[in-house]
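Okay, so here's the structure we're looking at.
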Amino acid sequence: MKKISIVLLVMSFFYAAQAQRKIGGEWSAGGRFGGSLGVTLKSHARTNDYAFELIAANSFDEKMKGFSTAILYEKLAPISGNGQLSAMLGGGFNFNFYQQKTNFGVSGTLGFDWRLKAVPLNFQADWMPTFFFINTTHFSGINGAFSVRYIFNRK
Numbered sequence: 001m002k003k004i005s006i007v008l009l010v011m012s013f014f015y016a017a018q019a020q021r022k023i024g025g026e027w028s029a030g031g032r033f034g035g036s037l038g039v040t041l042k043s044h045a046r047t048n049d050y051a052f053e054l055i056a057a058n059s060f061d062e063k064m065k066g067f068s069t070a071i072l073y074e075k076l077a078p079i080s081g082n083g084q085l086s087a088m089l090g091g092g093f094n095f096n097f098y099q100q101k102t103n104f105g106v107s108g109t110l111g112f113d114w115r116l117k118a119v120p121l122n123f124q125a126d127w128m129p130t131f132f133f134i135n136t137t138h139f140s141g142i143n144g145a146f147s148v149r150y151i152f153n154r155k
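Using the working numbering, read the sequence shown as starting at 1 and increasing by one per residue.
Structure representation (structure tokens):
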């Protein structure tokens, strides 16, 4: 099962890297604070209607301790006329590593994404429920968080 989890993780990274090449929008990186504490890397599409996000964080869920990595596709729906504030809905894969055990699951995401115009900052408030089903069966619904990112290539 551990080998399958590693193969799925590697395939997910290659898929995300290939998709990132095609979208060519803004890149941002920063911190994630809340139900998990870690770092986040996000790439918005040129059209600002979707984004890919990679999260590496330490979870505070008592049943799912350890380090987690999530790869998410996020559909964005502009709320403001200038496209800076968007509602967000998406999902992807989640890997949890704890005590030489790799757990695999799926995550959903629901929240808001706000990119400032005056300064190159991106804020995100979201909820990321996760259901693990390989090597364990557990639903983690406590991962609500606030992310702050610096935008590297403002478009």
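Ideal placement from N, C-alpha and C gives every residue a C-beta, glycine not left out.
Remember, it's a predicted structure, so these values are computed and weren't measured experimentally.
Which whole runs of the beta strand (DSSP E) in the segment 66 to 98 are 3 residues long or more, in chain order? As far as the segment 66 to 98 is concerned, its whole beta strand (DSSP E) runs of at least 3 residues are 67 to 78, 85 to 98.
For Phe152, collect the residues of the same chain with a Cβ closer than 8 Å to its Cβ; drop the 5 residues on either side in sequence, then sort them by chain order. Counting from one through the sequence shown, the residue named residue 152 turns up at place 152. Cβ neighbours of Phe152 beyond the five flanking positions: Glu26, Trp27, Ser28, Ala29, Pro120.
Identified DSSP bridge partners for Ile217: Any property of residue 217 remains undetermined from this structure, which presents the chain solely from 1 to 155.
Measuring only the C-alpha atoms, how far is Gly81 from Thr102? Within the sequence shown, numbered from 1, the residue matching residue 81 stands at position 81. Within the sequence shown, numbered from 1, the residue matching residue 102 stands at position 102. Gly81 and Thr102: Cα-Cα distance of roughly 43 Å.
How about Lys75 and Leu89: are their beta carbons less than 8 Å apart? Position 75 of the sequence shown, counting from 1, holds the residue named residue 75. Position 89 of the sequence shown, counting from 1, holds the residue named residue 89. Note that the C-beta distance between Lys75 and Leu89 is below 8 Å.
How big is the Cα-Cα spacing for Thr136 and Tyr50? As a first step, residue 136 is located in the sequence shown; it is residue number 136 there, counting from the start. As a first step, residue 50 is located in the sequence shown; it is residue number 50 there, counting from the start. Between Thr136 and Tyr50, the C-alpha separation is close to 31 Å.
Under DSSP, the beta strand (DSSP E) around Gln100 begins and ends at which residues? Walking along the sequence shown from the start, residue 100 turns up at place 100. If you look at Gln100, you'll find it isn't in any beta strand (DSSP E); DSSP assigns it neither H nor E.
Can you tell me which of Phe131, Arg115, Phe95, Ser68 puts its alpha carbon nearest to the alpha carbon of Ala125? Here residue 125 refers to the residue found at position 125 when the sequence shown is read from its first residue. Cα-wise, what sits closest to Ala125 is Arg115.
Where does the unbroken beta strand (DSSP E) through Thr40 begin, and where does it stop? Taking the first residue of the sequence shown as position 1, residue 40 is located at position 40. Where Thr40 is concerned, the enclosing beta strand (DSSP E) stretches over 36 to 45.
Give the range of the beta strand (DSSP E) segment to which Glu53 is assigned. Against the sequence shown, residue 53 aligns to sequence position 53. Secondary structure note for Glu53: its beta strand (DSSP E) is the uninterrupted segment 50 to 59.
Go to Ala125, then tell me how far its beta strand (DSSP E) extends in each direction, as first and last residue. Locating residue 125 in the sequence shown gives position 125, counting from the first residue. Per DSSP, Ala125 belongs to the beta strand (DSSP E) from 121 to 127.
Spell out the partners DSSP gives Gly108 in its beta bridges. For the purposes of this step, residue 108 is taken as the residue at position 108 of the sequence shown. Gly91, per the DSSP bridge assignment.
In three-state terms, what does DSSP make of Ala145? Looking up residue 145 in the sequence shown gives position 145. Judged by DSSP in its simplified three-state form, Ala145 adopts strand.
Using a 10 Å radius around the Cβ and a threshold of 16 neighbouring Cβ atoms, would you call Phe139 buried or exposed? For the purposes of this step, residue 139 is taken as the residue at position 139 of the sequence shown. Exposed: under 16 other Cβ atoms inside 10 Å.
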